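Residue numbers (our numbering): -8 to 139.
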């Protein structure tokens, strides 16, 4: 099983996708109320499911053996794995000779209906990402300034 504190392999890519949704939402708002913005962006479609194919295959195969996701404490993660499971089962009917791993790999790369994050998690991720973007921008400007 996955251990608490494991780092997401796709964190930067996920963060950029979340920032894309954030910027789209901010640009479409007349009045910006950040708690509402964060609630809306986590429910916007995402480029993919932000979980590794390996982790998803482990969970999906466990579910196919009849195990429930009782040990998983985050409801958003449970919801994500149930959606992946549903899609894998659907594909398994179409392609019965393909392995669970192959089907899961295909599913996690498909667009996801939402980010499967809480609004609070999105807020933290966006603030950290904005800070990193700002720091990188300042470093580039400093390098340009030093070259002159």
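C-beta: ideal position from N, C-alpha, C; glycine also.
These numbers were taken from a predicted model, which means no experiment stands behind them.
- Taking every protein chain shown into account, the CB of residue 95 has 16 or more other CB atoms within 10 angstroms, so this residue is buried.
- With a 10 Å radius around the Cβ and a threshold of 16 neighbouring Cβ atoms, residue 41 comes out buried.
- If the five residues before and after residue 102 are omitted, its C-beta is found closer than 8 Å to the C-beta atoms of 36, 37, 38 and 39, all from its own chain and listed in chain order.
- Residue 6 is classed as buried because its beta carbon has at least 16 other beta carbons within 10 Å across all chains shown.
- Burial state of residue 85 is exposed, judged by a 10 Å Cβ sphere holding fewer than 16 other Cβ atoms.
- In the pairwise beta carbon analysis, the stretch 44 to 55 is classified as touching the stretch 67 to 87: at least three pairs are separated by under 8 Å.
- Of all C-beta pairs linking the stretch 106 to 122 to the stretch 23 to 32, three or more are shorter than 8 Å, placing the two stretches in contact.
- With at least 16 other beta carbons inside 10 angstroms of its own, residue 71 counts as buried.
- Judged by DSSP in its simplified three-state form, residue 43 adopts coil rather than helix or strand.
- Taken atom to atom, the span from the alpha-carbon of residue 118 to that of residue 24 is near 15 Å.
- In its chain, beyond the 5 residues on either side, 0 have a beta carbon closer than 6 Å to the beta carbon of residue 43.
- When DSSP states are grouped into helix, strand and coil, residue 37 belongs to the strand group.
- The residues 82, in chain order, have a CB closer than 8 Å to that of residue 97 in the same chain once the five nearest residues on each side in sequence are set aside.
- The C-beta of residue 125 has fewer than 16 other C-beta atoms within 10 Å across all chains shown, which makes the residue exposed.
- Residue 106: not part of any alpha helix (DSSP H); DSSP gives it neither H nor E.
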